[in-house]
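Shown next, in structure tokens, is the structure this report addresses.
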Amino acid sequence: MIKSNPLVGDLQGGGAMDAAKQLVNEVILENLDIPKCSPSNAIRVADLGCAVGPNTFFQVQNIPDAVELKYRNQGLNSQIPDFQAFFNDQTSNDFNTLFASLPPNRRYLSAVVPGSFYCRLFPNASLHIIYSSCAIHWLSALPKEMANRSSPAWNKGRIYHLNAADEVIETYSAQHAKDMAQFLDKRRLLWVD
């Protein structure tokens, strides 16, 4: 019999997704500006780095519930808008499988936007909610220093940094900082004003 760490088992059994759901609900209830959400316009949600599988739809299913709760809490039951979800991932993602897997009882209209989320994907001021679950840690590119065998940051072809030289860790960290700054700068332009 294989024994599992209870924390890992909880995370694998949906604990991480449930924790994220609670966090998403709190953020929406505290921060969504309803006056900016006209009932005649859809609330537009983007899931960046969506992949394919049941976890892909978990939060996107949850977001309309959280928004609806906010509307109901403010006595706006009759003004709940439609929802449009944009699923984004690399162009190599199997979007046909994604569409075939869409929940039949979903409360949102769906579309895909293929491409790297480090690039511009949407018009400015077009999204109300932007979500990324398990993809934001991927780097946009391999740092050039890591491809050079004579560089102190060369990582011997590995994609991890466990037991790596300090230069490898510093190079990964610098690339991550650059990517995050670019990611956040691009997202800043997308919020509905």
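Residue numbers (the numbering used here): 543 to 735. For each residue, glycine too, the CB sits at the ideal point set by N, CA and C. Just so you know, these numbers come straight off a predicted model, no measurement behind them.
Please classify residue i: is it buried, with 16 or more other beta-carbons within 10 angstroms of its beta-carbon, or exposed?
{"i": "TYR714", "result": "buried"}
{"i": "PRO596", "result": "exposed"}
{"i": "HIS670", "result": "buried"}
{"i": "ILE678", "result": "exposed"}
{"i": "ASN599", "result": "One point to set straight first is that residue 599 is Phe, not Asn, in the sequence displayed. Label assigned to PHE599: buried."}
{"i": "ALA716", "result": "exposed"}
{"i": "ALA695", "result": "buried"}
If residue i sits next to residue j, beta carbons under 8 Å apart, how far is it from one beta carbon to the other, in whole angstroms?
{"i": "ASP607", "j": "LEU651", "result": "Incorrect: roughly 16 Å between the Cβ atoms, too far for contact."}
{"i": "ASP636", "j": "VAL594", "result": "5 Å"}
Cutting at 6 Å between CB atoms, please list the residues of its own chain near residue i, excluding the five before and the five after it.
{"i": "LEU590", "result": "ASN630, PHE659, SER674"}
{"i": "ALA627", "result": "VAL587, VAL602, TYR650, SER652"}
{"i": "TYR702", "result": "none"}
Does DSSP classify residue i as helix, strand or coil?
{"i": "VAL710", "result": "helix"}
{"i": "ARG586", "result": "strand"}
{"i": "GLN616", "result": "coil"}
{"i": "PHE599", "result": "helix"}
{"i": "LEU574", "result": "coil"}
{"i": "ALA627", "result": "strand"}
{"i": "SER652", "result": "strand"}
{"i": "ILE605", "result": "helix"}
{"i": "LEU549", "result": "The pLDDT assigned to LEU549 is 42, lower than 50, so where the model puts this residue is not dependable, and the model offers no usable value."}
Is residue i near residue j, with beta carbons less than 8 Å apart?
{"i": "ALA667", "j": "ASP575", "result": "no"}
{"i": "ARG614", "j": "ILE672", "result": "no"}
{"i": "LYS612", "j": "LEU640", "result": "no"}
Under 8 Å Cβ to Cβ from residue i, same chain only, skipping five residues before and after it: list those, please.
{"i": "ALA584", "result": "PRO623, ASP624, PHE625, GLN626, LEU651"}
{"i": "THR633", "result": "PRO656, GLY657"}
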